[in-house]
Amino acid sequence: MLGTLHDRIMALVEKAGGTWGIVLEDVHTNERWTLNEDHRFFAASLIKVPIMTAVFAEAYAGKFAFEDKLKLRQEDLVGGSGVLQHMTPGTELTILDLVTLMIIQSDNTATNLLIDLVGKESIREIMRKTGMTNSQFYNKLMIIPAELEGYNEVTAADMARHLKLLATGKAISYDSCLRMIAILKKQQVRDSLPYHLPDPDADIIGGLPLWELANKTGSVSTNEHDCGILYVGQSAVIIAALSHQVPTKTARDTIGRIGELVYNLYRNGR
Numbered sequence: 681m682l683g684t685l686h687d688r689i690m691a692l693v694e695k696a697g698g699t700w701g702i703v704l705e706d707v708h709t710n711e712r713w714t715l716n717e718d719h720r721f722f723a724a725s726l727i728k729v730p731i732m733t734a735v736f737a738e739a740y741a742g743k744f745a746f747e748d749k750l751k752l753r754q755e756d757l758v759g760g761s762g763v764l765q766h767m768t769p770g771t772e773l774t775i776l777d778l779v780t781l782m783i784i785q786s787d788n789t790a791t792n793l794l795i796d797l798v799g800k801e802s803i804r805e806i807m808r809k810t811g812m813t814n815s816q817f818y819n820k821l822m823i824i825p826a827e828l829e830g831y832n833e834v835t836a837a838d839m840a841r842h843l844k845l846l847a848t849g850k851a852i853s854y855d856s857c858l859r860m861i862a863i864l865k866k867q868q869v870r871d872s873l874p875y876h877l878p879d880p881d882a883d884i885i886g887g888l889p890l891w892e893l894a895n896k897t898g899s900v901s902t903n904e905h906d907c908g909i910l911y912v913g914q915s916a917v918i919i920a921a922l923s924h925q926v927p928t929k930t931a932r933d934t935i936g937r938i939g940e941l942v943y944n945l946y947r948n949g950r
C-alpha cells in the first residue's frame, strides 16, 4: 500500500532538491517504504525524542519523580526555541513540565536542564536500547564546546525505529509509552508534516478526530526534519522525513505534502 506512493514522493523530493532520508512504516502491517533511510543528518531538535525517553527511563527506575522540581539558573538560559529563556532565574519547574516544554515548544533551555539531570550516557544508552545504531548524541543544545567530540546526528531509520517502539508500547513500559505519545500529540510546532492536512475536527461534533499526529520537528541551518506517528482511523503510520540543503519553506512544504499523501492513502484506501 505505501509502495503506491513511490512515484509521487520521488517527484516531490526531486523537485525540492537537496538530500532526503525518508521512512514510512505501517505500525500494524510492518509494511515499509524508504529512501536513504541510513543517511546521517544533523539531528537538530529530533534528538529531543530520545532525551524524553531517557528521562522516562530514569523516572521508571525510581531515580526521581516527575513531580520533582528543578530550579532555573541564569547560566541555564540559552537561545533558540522555547519560552524558558525569557523566564526569571530561580523559577522552579517540575520535571514533567520541562519534558513537555522540550517537546511541544522545542524548548532548548528545558532540554539542557534535562540533559544535566539524566546525563549524556543515559541518553546514549536509551538510543542503543531502542536500536538507534547509526545515530549519535554528544552535545547540549545551542552550546558549542571549544573541543567538539562530535555532532548530534540521526537517521530516518533510527527515528522511525524509536517511534515504533513508542507506538507499540515497547520502550521502557506500556504506561511510559502512552504518556510520551500523549506529550508528542500536544506538539505546537505544526508547520511541516500536518501542514496540508484538513482540520481534524472539521466534520465532527463530539466524535473522533479525522487524524492525530504525535510528532517532533527539527530545524537547524540547512536541515529541516519532521518525524511522527500519524493516526488515521484504526491505522498508525510512522513518518520520518529528514532533509538537508533544501530551502526552509520548500522543505517544510514538501514534508507536509508527504504527510498529505499518507493521510489520503489511509483515509481513502481503508
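Going by the working numbering, 739 is the number at position 59 of the sequence shown; the sequence numbering is gapless. Glycine residues also receive a C-beta, built at the ideal position from the N, C-alpha and C atoms. Owing to the predicted nature of the structure, the values given are computational and were not obtained by experimental measurement.
Q: Tell me whether F1008 sits in a helix, a strand or coil according to DSSP, three-state version.
A: Outside the displayed range of the chain (681 to 950) lies residue 1008, so it cannot be described from this structure.
(Q) I need the boundaries of the alpha helix (DSSP H) containing R712, first residue and last residue. (A) Segment R712 to L715 is the beta strand (DSSP E) holding R712; no alpha helix (DSSP H) there.
Q.
So, for T934: in the same chain, excluding its five sequence neighbours on each side, which residues have a beta-carbon less than 6 Å away from its beta-carbon?
A. Result list for T934: L692 and A696, in chain order.
Q.
Between which two residues does the alpha helix (DSSP H) holding V735 run?
A. K728 to Y740
Q: Ignore the nearest five residues each way along the sequence and tell me which others in V758's own chain have a CB closer than 7 Å to its CB.
A: Q765, N788, T789, N792, L821, M822 and I823
Q.
By the three-class DSSP mapping on this structure, what secondary structure does Q868 have?
A. coil
Q. Taking the Cβ atom as the reference point for each residue, do I919 and L704 lie within a distance shorter than 8 Å?
A. Between I919 and L704, the gap from beta carbon to beta carbon is short of 8 Å.
Q: Please report the residue range of the alpha helix (DSSP H) in which K844 lies.
A: A836 to A847 is the extent of the alpha helix (DSSP H) around K844.
Q: Report all residues from its chain with a CB closer than 6 Å to the CB of D748; omit the five preceding and five following residues, and keep chain order.
A: I775
Q: Could you check which residue in V869, D718 and R932 has the C-alpha nearest to that of T813?
A: D718
Q | DSSP three-state assignment for S901, whether helix, strand or coil | A | Reduced to three states, the DSSP call for S901 is coil.
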